[in-house]
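Trainee:
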Amino acid sequence: MSFRLAAAINVLIGIAAMVASRSASDVPLQGVDTTVASRAPVMSEAEAGPWTRRTVLLVFGLSGAVSLALEVLWFRVLVIFLRPTTYSFTLMLATVLAGIAIGSYVATPILRRGRHLLAWLAALELGIAVLALSSFQGLGLSVIWSTALRQSLEEHRTLAYLSPLLLASLLAILPTALLLGMAFPIGLRVWAGSATDDGRAARLAGTFYSVNVCGAIVGAAGAGFVLIPRLGSPGTLLALASVTLLSGMLLLLPLWQQSRRVALGLGGVALALFAVLAATAVDPFEVALTNFHRGERRIWREEGVQTNVTIHERRTGRRVGDRMRIMYLDGMHQSNDMASTVFGHRRIGFLPTALHPDPTRALVVGLGAGTTPGAIAQFPGVQVDVVELSDTVVRGARYFRTANLDVLSRPNVHLRVDDGRNFLLLSPPRRYDIITADVILPRHAGAANVYSVQYFELVRRALKDDGIALQWNGGDTASEYALILRTFRQVFPEMTLWGDGSLMIGTKGPLQIDVEAYQRKLADPALRKVLQAYNLDGVDKLLKQFVAGPDDVRALVGDGPVTTDDHPLVEYFLSRPAGEGPMDMSRLYGDVRPFIRRSTTDLPAPGAVVVARPETAVPPSPLR
Numbered sequence: 009m010s011f012r013l014a015a016a017i018n019v020l021i022g023i024a025a026m027v028a029s030r031s032a033s034d035v036p037l038q039g040v041d042t043t044v045a046s047r048a049p050v051m052s053e054a055e056a057g058p059w060t061r062r063t064v065l066l067v068f069g070l071s072g073a074v075s076l077a078l079e080v081l082w083f084r085v086l087v088i089f090l091r092p093t094t095y096s097f098t099l100m101l102a103t104v105l106a107g108i109a110i111g112s113y114v115a116t117p118i119l120r121r122g123r124h125l126l127a128w129l130a131a132l133e134l135g136i137a138v139l140a141l142s143s144f145q146g147l148g149l150s151v152i153w154s155t156a157l158r159q160s161l162e163e164h165r166t167l168a169y170l171s172p173l174l175l176a177s178l179l180a181i182l183p184t185a186l187l188l189g190m191a192f193p194i195g196l197r198v199w200a201g202s203a204t205d206d207g208r209a210a211r212l213a214g215t216f217y218s219v220n221v222c223g224a225i226v227g228a229a230g231a232g233f234v235l236i237p238r239l240g241s242p243g244t245l246l247a248l249a250s251v252t253l254l255s256g257m258l259l260l261l262p263l264w265q266q267s268r269r270v271a272l273g274l275g276g277v278a279l280a281l282f283a284v285l286a287a288t289a290v291d292p293f294e295v296a297l298t299n300f301h302r303g304e305r306r307i308w309r310e311e312g313v314q315t316n317v318t319i320h321e322r323r324t325g326r327r328v329g330d331r332m333r334i335m336y337l338d339g340m341h342q343s344n345d346m347a348s349t350v351f352g353h354r355r356i357g358f359l360p361t362a363l364h365p366d367p368t369r370a371l372v373v374g375l376g377a378g379t380t381p382g383a384i385a386q387f388p389g390v391q392v393d394v395v396e397l398s399d400t401v402v403r404g405a406r407y408f409r410t411a412n413l414d415v416l417s418r419p420n421v422h423l424r425v426d427d428g429r430n431f432l433l434l435s436p437p438r439r440y441d442i443i444t445a446d447v448i449l450p451r452h453a454g455a456a457n458v459y460s461v462q463y464f465e466l467v468r469r470a471l472k473d474d475g476i477a478l479q480w481n482g483g484d485t486a487s488e489y490a491l492i493l494r495t496f497r498q499v500f501p502e503m504t505l506w507g508d509g510s511l512m513i514g515t516k517g518p519l520q521i522d523v524e525a526y527q528r529k530l531a532d533p534a535l536r537k538v539l540q541a542y543n544l545d546g547v548d549k550l551l552k553q554f555v556a557g558p559d560d561v562r563a564l565v566g567d568g569p570v571t572t573d574d575h576p577l578v579e580y581f582l583s584r585p586a587g588e589g590p591m592d593m594s595r596l597y598g599d600v601r602p603f604i605r606r607s608t609t610d611l612p613a614p615g616a617v618v619v620a621r622p623e624t625a626v627p628p629s630p631l632r
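Numbering (the numbering used here), first residue to last: 9 to 632.
Shown next as structure tokens:
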């Protein structure tokens with residue numbers, strides 16, 4: 009709907025412009041000279057000569073590349089401090105656009121005067137280089153101020169959340185964006201200001217824009233796919249600032265012919281400031297470590313094409329081996345090797361594989377630390393396909409060999425670096441007995457891709473007729489939890505709830521638990537030993553993981569909105585009620601007996617597996 013509305017508005021603007029231009033052409037403009045020369049100050053030959061103009065065109069090709077590359081870099085770094093949510097990306101983009109718009113407006117008086125434009129342009133390009141290089145300098149300060157802002161606005165949830173995001177964006181992005189906005193119209197005037205007719209002015213303006221846009225395309229792709237993975241964020245920032253500094257120095261060459269003193273002054277000041285900033289440059293990951301992860305030490309870091317992955321270690325006791333390893337993705341906790349977290353991740357793999365009578369092929373969307381696919385791979389005869397978007401995450405998972413049971417070295421595990429959703433959509437039809445996903449927090453930007461009706465429909469299509477899908481419900485509040493549950497239930501109306509209520513099991517038909525099949529699995533001593541640690545080494549223990557059936561779920565959440573690709577409601581958490589607590593689970597009965605396959609000869613005794621475990625609210629999950 010948003011895309012259609014935007015398209016419709018653009019069409020209306022185009023029609024209005026065509027009507028206005030037709031009307032304007034019929035109105036005689038008596039006594040008005042409409043030539044370009046009369047509307048714009050004529051630049052001197054020294055400023056607007058062919059060599060100067062070609063230099064300006066080259067500079068703005070580079071400027072387009074640098075500006076978009078800086079946007080990519082800013083977004084990749086600031087999510088470490090702002091958290092990767094839709095609100096964060098929106099504010100960062102708004103800051104860039106606002107800076108460019110305000111800068112263009114501020115440049116208007118300079119353009120009206122039409123004097124010393126080349127000096128202004130050189131100063132602005134040199135200023136962009138200096139301010140861009142200082143982008144990360146205020147991150148530590150923004151953390152301190154953000155904490156104070158949150159505390160002062162804690163009674164206003166939306167303001168308390170958005171104000172720190174806006175503050176960090178303003179400190180890191182706005183100064184550079186302002187100068188970028190000022191430089192563009194001045195550069196266009198220097199390039200096209202000598203045009204004496206409308207046709208030539210239009211052609212020159214078109215050339216200027218096209219060169220700048222082509223540079224922007226190259227810069228965006230180059231930053232994401234080449235510079236950041238190879239140089240890292242600090243190195244990329246230094247490289248981009250250096251290119252802009254060089255652009256400013258190129259503009260000083262024609263300026264030298266007009267005023268050596270101005271050229272020397274601008275160049276000397278810019279070089280001095282640039283040298284100081286380069287020598288005192290900060291690593292944003294070190295700033296994050298100091299402010300957010302005190303008591304931890306970084307043992308590995310890599311900035312990949314898709315995400316930034318850091319592995320930290322924290323002492324948890326006095327003994328040598330008392331330590332915890334933590335995986336952070338874009339600054340957000342993804343996993344660790346503490347027993348409680350490992351338990352949660354392994355249960356996501358163990359539970360559907362235990363419930364299926366004879367699983368032979370499983371799919372895990374997202375590797376993370378590898379704990380979930382490592383659990384599934386313990387079951388004999390099961391081939392596990394793992395689809396992970398980021399090869400950087402794959403390399404990071406190797407630091408969790410103990411927790412993930414060395415999953416990447418197991419012969420029955422097959423890794424593919426790809427987008428999990430596209431894998432389900434585009435790959436040749438391969439049907440799975442088990443489909444589950446790594447833990448993805450629903451509030452993250454893009455999380456709707458694995459929490460929407462359309463994603464669950466792809467999962468259902470890829471399941472065999474007796475297949476089982478498991479999705480973790482990461483909703484912290486009642487409305488968020490109900491939204492995710494309702495969305496999953498729309499595709500899997502026969503769904504059941506397990507564990508602490510956060511594990512949603514989806515099947516194409518009513519769930520049928522084959523007790524005898526599970527007893528046969530437990531006959532494997534090695535598997536039984538693994539399951540024993542997770543209280544799953546018996547039929548009764550498995551059945552006691554049950555929380556609710558489809559009727560109970562329907563009564564719990566009722567009718568209401570669901571997350572779709574067009575309406576990614578799960579990501580817009582600020583729109584939900586403030587001060588809301590977790591979901592009340594007290595109405596759930598937890599009677600698993602209707603779901604036990606009746607052909608079995610050894611049914612549990614009545615009441616033996618009636619689960620009265622659910623508390624009045626969903627307890628905090630160790631995965632959150």
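We put the beta carbon where it would ideally sit given N, CA and C, even for glycine.
Starting from the N-terminal side, write out each stretch of the beta strand (DSSP E) that is 3 residues or longer and does not extend beyond the region 293-346.
Mentor: 304-311, 316-323, 331-337 and 340-344
Trainee: Which value, in whole angstroms, describes the spacing of the CA atoms of Ile-370 and Tyr-440?
Mentor: By one-based count along the sequence shown, residue 370 stands at place 362. By one-based count along the sequence shown, residue 440 stands at place 432. A small fix is needed here, since residue 370 is Ala in this sequence, not Ile. When rounded, the distance between both Cα atoms is 6 Å.
Trainee: Using CA coordinates, which residue listed in Arg-584, Ser-343 and Gln-314 is at the minimum distance from Glu-321?
Mentor: Walking along the sequence shown from the start, residue 321 turns up at place 313. When only C-alpha atoms are compared, the closest one is Ser-343.
Trainee: Could you give the residue range of the beta strand (DSSP E) that holds Tyr-95?
Mentor: Your numbering for residue 95 matches position 87 in the sequence shown. Element bounds for Tyr-95: not the beta strand (DSSP E) but the alpha helix (DSSP H), 94-114.
Trainee: Reducing DSSP to helix, strand and coil, say where Lys-537 ends up.
Mentor: For the purposes of this step, residue 537 is taken as residue 529 along the sequence shown, with counting starting at 1. DSSP places Lys-537 in helix when its eight states are reduced to three.
Trainee: For the beta strand (DSSP E) holding Gly-57, just list the boundary residues, first then last.
Mentor: The sequence position of residue 57 within the sequence shown is 49, counting from 1. Where Gly-57 is concerned, there is no enclosing beta strand (DSSP E), given that its DSSP letter is neither H nor E.
Trainee: Thinking Thr-103 and Leu-182 are a contact (beta carbons under 8 Å), I'd like their distance in whole angstroms, please.
Mentor: Position 95 of the sequence shown, counted from the first residue, corresponds to residue 103. Position 174 of the sequence shown, counted from the first residue, corresponds to residue 182. Indeed, because the Cβ distance is near 6 Å, the residues count as touching under 8 Å.
Trainee: Figure out for me which residue from Tyr-459, Val-226, Lys-472 and Leu-20 has the closest Cα to the Cα of Arg-494.
Mentor: Against the sequence shown, residue 494 aligns to sequence position 486. Minimum Cα distance to Arg-494 is reached at Tyr-459.
Trainee: Answer yes or no: do Gly-374 and Phe-408 have a C-beta to C-beta separation smaller than 9 Å?
Mentor: As a first step, residue 374 must be located in the sequence shown, where it is residue number 366. As a first step, residue 408 must be located in the sequence shown, where it is residue number 400. Not closer than 9 Å, so no.
Trainee: Taking all protein chains shown into account, do 16 or more other C-beta atoms lie within 10 angstroms of the C-beta of Gln-527, making it buried, or fewer, making it exposed?
Mentor: Translated into the one-based positions of the sequence shown, residue 527 becomes position 519. Gln-527 counts as exposed, since fewer than 16 other beta carbons sit within 10 angstroms of its beta carbon.
Trainee: How would you write the range of the beta strand (DSSP E) that Glu-396 sits in, first residue to last?
Mentor: The residue you call residue 396 lines up with position 388 of the sequence shown. Residues 391-396.
Trainee: At which residues does the alpha helix (DSSP H) containing Gly-256 begin and terminate?
Mentor: Translated into the one-based positions of the sequence shown, residue 256 becomes position 248. Taken as a continuous stretch (DSSP letters only), the alpha helix (DSSP H) holding Gly-256 covers 236-266.
Trainee: Using only CA atoms, which one of Val-64, Leu-81 and Val-313 lies nearest to Leu-212?
Mentor: Counting from one through the sequence shown, the residue named residue 212 turns up at place 204. Closest option to Leu-212, Cα to Cα, is Val-64.
Trainee: Can you tell me the Cα-Cα spacing of Val-251 and Arg-91, whole angstroms?
Mentor: Counting from 1 along the sequence shown, the entry for residue 251 is found at position 243. Counting from 1 along the sequence shown, the entry for residue 91 is found at position 83. About 29 Å.
Trainee: Comparing C-alpha positions only, which one of Gly-454, Gln-520 and Leu-81 sits nearest to Leu-248?
Mentor: The sequence position of residue 248 within the sequence shown is 240, counting from 1. Here the closest residue by C-alpha is Leu-81.
Trainee: Quick one: using the 10 Å Cβ neighbour count with 16 as the cut-off for buried, is Asn-412 buried or exposed?
Mentor: Along the sequence shown, read from residue 1 onward, the residue named residue 412 stands at position 404. The residue in question, Asn-412, is buried, as its Cβ has 16 or more Cβ neighbours within 10 Å.
Trainee: Output the distance between the C-alpha atoms of Ser-142 and Leu-285, rounded to the nearest integer angstrom.
Mentor: Taking the sequence shown and counting its residues from 1, one reaches residue 142 at position 134. Taking the sequence shown and counting its residues from 1, one reaches residue 285 at position 277. Going from the Cα of Ser-142 to the Cα of Leu-285 covers about 7 Å.
Trainee: So the beta strand (DSSP E) Arg-369 belongs to, where does it begin and stop?
Mentor: In the sequence shown, counting from the first residue as 1, residue 369 sits at position 361. Counting along the chain, the beta strand (DSSP E) containing Arg-369 begins and ends at 369-373.
Trainee: Decide if Lys-529 is buried, meaning its Cβ has at least 16 other Cβ atoms within 10 Å, or exposed.
Mentor: Within the sequence shown, residue 529 is the residue found at index 521, counting from 1. Its Cβ being crowded by 16 or more others within 10 Å, Lys-529 is buried.
Trainee: Residues in its own chain within less than 7 Å of Gly-312 by CB, not counting five upstream and five downstream?
Mentor: For the purposes of this step, residue 312 is taken as the residue at position 304 of the sequence shown. Within the same chain, Gly-312 has close Cβ partners Pro-237, Ser-398, Asp-399 and Thr-400.
Trainee: Between Ser-150 and Ser-510, what straight-line distance do the alpha-carbon atoms span, to the nearest angstrom?
Mentor: Residue numbering aside, residue 150 sits at position 142 when the sequence shown is read from its first letter. Residue numbering aside, residue 510 sits at position 502 when the sequence shown is read from its first letter. When rounded, the distance between both Cα atoms is 35 Å.
Trainee: Rounded to the nearest angstrom, what separates Leu-239 and Ala-210 at their Cα positions?
Mentor: The residue given as residue 239 occupies position 231 in the sequence shown. The residue given as residue 210 occupies position 202 in the sequence shown. Cα to Cα, the separation comes out at about 40 Å.
Trainee: Give the straight-line distance between the Cα atoms of Ala-185 and Gly-107, rounded to the nearest whole angstrom.
Mentor: Here residue 185 is taken as the residue at index 177 of the sequence shown, counted from 1. Here residue 107 is taken as the residue at index 99 of the sequence shown, counted from 1. Answer to the nearest angstrom: the Cα atoms are 5 Å apart.
Trainee: Residues in the same chain with beta-carbon distance under 6 Å from Leu-37, minus the five sequence neighbours each way, listed in chain order, please.
Mentor: Taking the first residue of the sequence shown as position 1, residue 37 is located at position 29. Its pLDDT being 44, under 50, Leu-37 is placed unreliably in this model, and the value from its coordinates should be taken loosely. There are no such residues.
Trainee: Going by C-alpha distance, which of Leu-86, Gln-462 and Ser-75 is nearest Leu-105?
Mentor: Along the sequence shown, one-based indexing puts residue 105 at 97. Answer by Cα proximity: Ser-75.
Trainee: Under a Cβ-count criterion, where at least 16 other Cβ atoms within 10 Å of its own Cβ denotes burial, should Glu-488 be classed as buried or exposed?
Mentor: In the sequence shown, residue 488 corresponds to position 480, counting from 1. Glu-488 should be labelled buried.
Trainee: Terminal residues of the continuous beta strand (DSSP E) containing Thr-504?
Mentor: Walking along the sequence shown from the start, residue 504 turns up at place 496. Its beta strand (DSSP E) spans residues 504-506.
Trainee: Less than 9 Å between the C-beta atoms of Val-198 and Leu-253, yes or no?
Mentor: Residue 198 sits at position 190 when you count from the first residue of the sequence shown. Residue 253 sits at position 245 when you count from the first residue of the sequence shown. Not closer than 9 Å, so no.
Trainee: Do you know offhand how far Arg-333's Cα is from Ala-405's?
Mentor: If you number the sequence shown from 1, residue 333 lands on position 325. If you number the sequence shown from 1, residue 405 lands on position 397. Going by the C-alpha atoms only, they are around 11 Å apart.
Trainee: Please report the residue range of the alpha helix (DSSP H) in which Ala-470 lies.
Mentor: Indexing the sequence shown from 1 puts residue 470 at position 462. Start and end: 461-470.
Trainee: Closer than 6 Å by C-beta to Ala-131: which residues in its own chain qualify, once you throw out the five before and the five after it? Chain order, please.
Mentor: Position 123 of the sequence shown, counted from the first residue, corresponds to residue 131. Cβ within range, chain order: Leu-274.
Trainee: Kindly indicate the opening and closing residues of the alpha helix (DSSP H) around Val-138.
Mentor: Here the question's residue 138 lines up with position 130 in the sequence shown. Here the alpha helix (DSSP H) through Val-138 covers 125-141.
Trainee: Counting pairs of beta carbons, one from the region 386-395 and one from the region 414-427, are three or more of them closer than 8 Å?
Mentor: yes
Trainee: Can you list, in chain order, the residues of its chain whose CB lies under 8 Å from that of Val-114, leaving out five sequence neighbours each side?
Mentor: In the sequence shown, the residue the question calls residue 114 occupies position 106. Within the same chain, Val-114 has close Cβ partners Leu-186, Gly-189 and Met-190.
Trainee: So what does DSSP say about Asp-599, is it helix, strand or coil?
Mentor: By one-based count along the sequence shown, residue 599 stands at place 591. Strand.
Trainee: Can you round the beta-carbon distance between Asp-484 and Pro-590 to whole angstroms, since I take them to be within the 8 Å contact cut?
Mentor: What you label residue 484 is simply residue 476 of the sequence shown in a count that begins at 1. What you label residue 590 is simply residue 582 of the sequence shown in a count that begins at 1. Yes, they are in contact, since the Cβ atoms of Asp-484 and Pro-590 sit about 7 Å apart, within 8 Å.
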